[in-house]
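One structure is given below, encoded as structure tokens.
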Amino acid sequence: MVGITLTAEQIRSAPPEVRHWIESQVAAMFAPPATEEAHAAPPHLAQCTAGEAQAILEQIEDLLPVVSVFFELGRESASVPVQGMRAFRLNEIARHTRLETTQQVLEALELINDALRRVRRDSEAMLCGFDREGRCYVSEATSRAVLTLWRGIVAQHALAAGQPAEPAAEAPAPVYRSPGYNVTMPGLMAGTSQPVIPVEHVG
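Using my numbering, read the sequence shown as starting at 6 and increasing by one per residue.
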């Protein structure tokens with residue numbers, strides 16, 4: 006290997022293609038090393054049908070805070086589209102569901118993931134993934150399925166009450182929300198830890 010030393014004057018007077026090559030070599034030398042996480046592929050998120058959304062709800066219906074978080078995944082106005090997925094901010098979900106911390110939201114979402122795995126009998130199935138910026142991701146199809154389920158529930162309650170069955174615009178369902186349920190997830194969520202699952206975020 007032969008080393009070559011160039012003066013600043015020699016670099017300035019070199020042909021443009023040589024200067025560009027030198028600049029690229031210097032930039033590469035000082036660039037931070039690539040990490041696996043930076044290039045981690047997003048997980049394959051399930052695309053749930055309305056029937057699967059109903060089955061997931063049946064798995065979690067006794068856990069009111071988890072149900073509230075589940076219906077937040079159908080709230081279009083609280084999310085942004087990202088490459089066939091919808092991104093939700095965990096702190097916004099916590100505020101809408103009256104949970105005290107985003108950790109409780111993460112724990113609820115992992116219970117929802119577990120419910121999907123039981124429904125599909127697939128230990129690798131994932132309904133939602135997370136990034137390190139405090140966002141949760143679900144597929145567009147899953148978000149629509151949750152919203153469809155929510156609208157159906159609202160219509161059923163309206164008919165039962167003898168009211169016009171006008172479709173509700175968004176989740177979550179007030180029938181599942183309990184304002185007095187100051188959410189401590191009794192015994193169920195305590196002491197669990199939710200790992201961050203890398204999801205590629207664009208924008």
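We treat Cβ as the ideally placed atom computed from N, Cα and C, and that holds for glycine.
Please report the Cβ distance between residue i and residue j, rounded to the nearest whole angstrom; I am assuming they are in contact, meaning their Cβ atoms lie under 8 Å.
{"i": "F93", "j": "C141", "result": "5 Å"}
{"i": "V151", "j": "L116", "result": "That belief does not hold up - the Cβ atoms of V151 and L116 are roughly 15 Å apart, past 8 Å."}
{"i": "G89", "j": "E145", "result": "6 Å"}
In the DSSP output, what is residue i paired with across the bridge?
{"i": "T92", "result": "According to the sequence shown, residue 92 is Ala rather than Thr. In the DSSP output, where bridge partners are listed per residue, A92 has V85, Y142."}
{"i": "C133", "result": "V143"}
Is the beta carbon of residue j closer than 8 Å to that of residue i?
{"i": "L78", "j": "T153", "result": "no"}
{"i": "A113", "j": "L121", "result": "no"}
{"i": "N96", "j": "G139", "result": "yes"}
{"i": "R91", "j": "V143", "result": "yes"}
{"i": "T102", "j": "S73", "result": "yes"}
{"i": "I61", "j": "V159", "result": "no"}
{"i": "L104", "j": "N118", "result": "no"}
Does at least one heavy atom of the ligand HEM sit under 7 Å from the Cβ of residue i?
{"i": "S73", "result": "Ligands displayed in this structure: none; no statement on the ligand HEM is therefore possible."}
Check: Would you call the stretch 49 to 57 and the stretch 103 to 113 in contact, with 3 or more CB pairs under 8 Å?
Finding: no
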